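Participant: Anchor point for the sequence shown: position 358 equals 550 in my numbering, and the numbering is continuous, going up by one each time. My structure is below; once you've seen it, I'll send some questions.
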Amino acid sequence: MSGLELEGVNVWLGAQHVLKNIDLSVAQGECVALLGPSGCGKTTTLRTIAGFVVPQEGRVSIAGKPTSNLPPNKRNVGLVFQDYALFPHMTVSENVGYGLRMRKIDGIVRSQQVERALTMVQLLDMKDRMPSQLSGGQRQRIALARALVIQPDILLLDEPLGALDRKLRDQMQVELKQLQKKLGITTIIVTHDQEEALSLADRIAVMFDGQIEEIGKPVNLYETPSSLKVMEFLGSSNILSMVVNRQDASGATLSGHHHYSVHVAQCAFNVNERITAAIRPEHIQILPIAEIASDTLEATTIECVYKGGLVEVHCRLSDGTQMKAQSDASSVQRLNLMQQGLKIALRLDPSRLQLFSPSSKERTHDRT
Ligand SMILES: Nc1ncnc2c1ncn2[C@@H]1O[C@H](COP(=O)(O)OP(=O)(O)O)[C@@H](O)[C@H]1O
Ligand SMILES: [Mg+2]
193 MSGLELEGVN VWLGAQHVLK NIDLSVAQGE CVALLGPSGC GKTTTLRTIA
243 GFVVPQEGRV SIAGKPTSNL PPNKRNVGLV FQDYALFPHM TVSENVGYGL
293 RMRKIDGIVR SQQVERALTM VQLLDMKDRM PSQLSGGQRQ RIALARALVI
343 QPDILLLDEP LGALDRKLRD QMQVELKQLQ KKLGITTIIV THDQEEALSL
393 ADRIAVMFDG QIEEIGKPVN LYETPSSLKV MEFLGSSNIL SMVVNRQDAS
443 GATLSGHHHY SVHVAQCAFN VNERITAAIR PEHIQILPIA EIASDTLEAT
493 TIECVYKGGL VEVHCRLSDG TQMKAQSDAS SVQRLNLMQQ GLKIALRLDP
543 SRLQLFSPSS KERTHDRT
């Protein structure tokens, strides 16, 4: 069964075309993250699903049912919006029970359901507190309990963990994921945090400028994105300009930067075509300069940034191109990489090189 369906959704707010032909199919029980820069239309997409925004064109169905003309309170959606604060004058229980009261569910049934929802977020012992007596993380969990108590068909989360510190956010991500899977509830989570999207979602939809650029499983989007734009947005990348030198049965040879050449097994471009090659820092091996060869790039270290466990090595090619490689602490020591201005050799893992056309705009495609 379908959990959510958006078909050809177009939204104009004032003169601005904010959502441009959004198509999105979410399976029952699936968790999809909407990821994109600020202002790309993530919140507007959620507000459209919730019914606060009525699209000028297109259709929205929730749990297989069309929503046309249904007001927000008739859609059975659970909302945790960034600015959707708890009612300060109500206790935790009253806050969580609010949606049930609106649905005329009273007495023992209401208090049982409130207790169940509070148990889910492990805050039953806080039920008589006021919101002001809770920490930020606890407040967000209460907001989640309040959204879940009505047993919604779909859960809509707008940057729900944005205000929490890193450690609490990591912990809440795990809890949220477990709860979402356990309840099997269709979930759309909005975030601008790549790591959050990668760790929480079954699929990620990357949005730019009111459009879904690409949608797919986190690992596919991260490892083999369909466009450079998505590659760059979803983590660090190194970009090199190269030319296709030779095509044969075993793949293609690419060249760039003096005598550097690399053989790749797959290349959809023609001989002599100029391409953009991109690679993640963790797929670049750092070697001592003595091991320089035709399939390595000569670079000079600029700086090492210690990240705890891993070290980011920033360096520069002879033509000035900046590169970022990743290394473990022991190699950093062995190669003496902390030293600035050290000559090193970089070996790019050919199987991890992503090739893009430098000019044409890649099309959106589904890679589920
Ligand atoms: N009520 C509104 N009236 C006019 N423009 C709006 C309104 N709400 C949002 N916008 C515009 O729509 C665009 C998308 O906003 P939003 O969906 O909030 O983006 P995001 O959540 O991705 O940061 C922005 O350019 C924003 O300025
Ligand atoms: Mg937003």
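Backbone N, C-alpha and C fix where the C-beta goes; we use that ideal spot for every residue, glycine too. The model shown is predicted, which means the values in this text are computed figures rather than measured ones.
Excluding the 5 residues flanking K212 on each side, which residues of the same chain have their C-beta closer than 7 Å to its C-beta?
Facilitator: Within the same chain, K212 has close Cβ partners N202, G402, Q403.
Participant: Rank G501, Q208, G228, L446 by C-alpha distance to the C-alpha of V422 and give the top, closest one.
Facilitator: If we check each option's Cα against that of V422, G228 comes out closest.
Participant: Go through the segment 476–558 residue by residue and report every complete run of the alpha helix (DSSP H) that reaches 4 residues or more, in order.
Facilitator: Runs of the alpha helix (DSSP H) inside the segment 476–558: 521–526.
Participant: Below 8 Å on the Cβ atoms is my contact criterion, and I expect V224 with A397 to pass it. Report the Cβ-Cβ distance as a whole number of Å.
Facilitator: Going by Cβ atoms, the distance from V224 to A397 rounds to 6 Å, so yes, they are a contact pair.
Participant: Please confirm whether any heavy atom of ligand 4 lies closer than 6 Å to the CB of T378.
Facilitator: Ligand 4 is not part of this structure, which contains only ligand 1 and ligand 2.
Participant: Cβ-heavy atom distance between R235 and ligand 2 below 6 Å?
Facilitator: Contrary to the premise, residue 235 reads as Thr rather than Arg in this sequence. Yes, the Cβ of T235 comes within 6 Å of a heavy atom of ligand 2.
Participant: Taking the beta strand (DSSP E) that L575 falls in, what are its first and last residues?
Facilitator: Because the chain in this structure spans residues 193 to 560, residue 575 falls outside the shown range and cannot be described.
Participant: Under 7 Å between the Cβ atoms of A491 and L509?
Facilitator: Closer than 7 Å, so yes.
Participant: In angstroms, rounded to a whole number, what distance separates the CA positions of F548 and L205?
Facilitator: Straight-line Cα distance between these residues: approximately 34 Å.
Participant: With the cut-off set at 7 Å, would you say L420 and T379 are in Cβ contact?
Facilitator: Cβ atoms of L420 and T379: not closer than 7 Å.
Participant: Classify T416 as helix, strand or coil using the three-state DSSP reduction.
Facilitator: Three-state DSSP puts T416 in coil, outside helix and strand.
Participant: CA-CA distance, T560 and N412?
Facilitator: At T560 the pLDDT is 41, less than 50, meaning the model places this residue with poor confidence and gives no usable figure here.
Participant: Rounded to the nearest angstrom, how far is the Cβ of A460 from that of G443, given a contact under 8 Å?
Facilitator: Actually they are not in contact, since the Cβ atoms of A460 and G443 sit about 11 Å apart, beyond 8 Å.
Participant: Look at the Cβ atom of I476, then the Cβ atom of L527, and state whether they are nearer than 7 Å.
Facilitator: No, the pair does not count as a contact, with Cβ atoms beyond the cut-off.
Participant: Going by the DSSP bridge assignment, what does H209 pair with across the sheet?
Facilitator: For H209, which the question treats as bridged, DSSP gives the partners W204.
Participant: Whole angstroms are fine: how far does the CA of R239 sit from the CA of G233?
Facilitator: Taking the straight line joining both Cα atoms gives about 10 Å.
Participant: Once you ignore the five residues that flank H557 on each side, which residues in its own chain have a CB closer than 6 Å to its CB?
Facilitator: Low confidence applies to H557: its pLDDT is 39, below 50, so where it sits in the model is not reliable, and the reading given next is rough at best. Within the same chain, H557 has close Cβ partners S418.
Participant: Can you check DSSP and say which residues form a bridge with M399?
Facilitator: Beta-bridge pairing links M399 to I404.
Participant: Contact between the segment 341–361 and the segment 314–325 is defined here as three or more beta-carbon pairs at a separation below 8 Å; is this criterion met?
Facilitator: Verdict: no, contact absent.
Participant: Taking the continuous beta strand (DSSP E) assigned at Q439, which residues delimit it?
Facilitator: 430–440 is the extent of the beta strand (DSSP E) around Q439.
Participant: Considering just the uninterrupted stretch of the alpha helix (DSSP H) at R358, what are its terminal residues?
Facilitator: Note, R358: alpha helix (DSSP H), 358–375.
Participant: Under a Cβ-count criterion, where at least 16 other Cβ atoms within 10 Å of its own Cβ denotes burial, should N261 be classed as buried or exposed?
Facilitator: Under this definition N261 is an exposed residue.
Participant: So what does DSSP say about I380, is it helix, strand or coil?
Facilitator: Looking at I380 - three-state DSSP - the assignment turns out to be strand.
Participant: Which partner residues of L271 appear in the DSSP bridge assignment?
Facilitator: Paired residues: L348.
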